[in-house]
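**Q** Number 243 marks the last residue of the sequence shown (the working numbering); no jumps.
Just dropping this structure here.
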Amino acid sequence: MDFETASGKRDSACSLALTVVRNDQIADEFYTLIKPESDFFWRNVQIHGIHEEDVADAPKFPAVWDHIAPFFQRDRLVIAHNANFDTDVLKKTLAHYGIRVPEYLSMDTLATSKKFYPELPNHKLDTMCRALDIELQHHHNALDDSLACANILLSQAQTFGVQQLKPFVRIQG
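See the structure below:
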């Protein structure tokens with residue numbers, strides 16, 4: 071899962087991507103622009119390149135949630151790189167619209183990367199992609215970031231084993 075936001079407000083999601091992994095393979099991808107309730111801040115636009123006019127005809131988050139809610143269940147694992155940010159965006163956006171936050175499992179590939187690759191100078195998404203030879207076409211494009219995150223997890227599972235990843239699973243909601 072990867073969100074981009076229109077501003078520093080965590081309930082200002084302007085794009086979202088999910089990359090679905092099944093049987094240790096990328097099985098599906100979902101990407102959408104989102105029309106946030108808040109204004110765009112120039113610094114966020116500079117980072118991700120999404121402008122207010124880009125989302126003029128995009129759905130608001132409740133319509134997106136109707137489509138993605140099945141992925142956020144107690145038996146599903148949702149990963150993100152720097153999951154504190156993405157899970158907070160999800161929680162605050164759901165709260166903004168009065169939608170109950172579901173219980174689901176989460177894992178942060180930033181945390182797993184710090185554990186498994188302590189020798190790296192940092193563990194940002196682009197750094198991890200370079201270190202693991204994972205393609206990251208457009209950093210801060212939610213779909214590309216989501217795909218890179220999924221590939222980081224797949225690489226770590228293959229290298230270190232699923233058992234080494236299990237302690238990083240958290241319950242959200």
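C-beta atoms are modelled at their ideal positions from N, C-alpha and C, and glycine is treated no differently.
(1) According to DSSP, is E107 helix, strand or coil?
(2) So what's A153 in DSSP terms, helix, strand or just coil?
(3) Can you tell me the Cα-Cα spacing of T197 and L175, whole angstroms?
(4) Nearest by alpha-carbon distance to L195: which of K236, H151 and V91 is it?
(5) Could you tell me the alpha carbon to alpha carbon distance between K79 and E205, rounded to whole angstroms?
(6) Assign H193 to one of two classes, buried (16 or more other C-beta atoms within 10 Å of its C-beta) or exposed (fewer than that).
(7) Where does R80 fall in DSSP's three states?
(8) If you drop the 5 nearest sequence neighbours on each side, which residues of the same chain put their C-beta closer than 6 angstroms to that of H209?
**A** For this structure:
(1) coil
(2) helix
(3) 25 angstroms
(4) H151
(5) 29 angstroms
(6) buried
(7) coil
(8) D196
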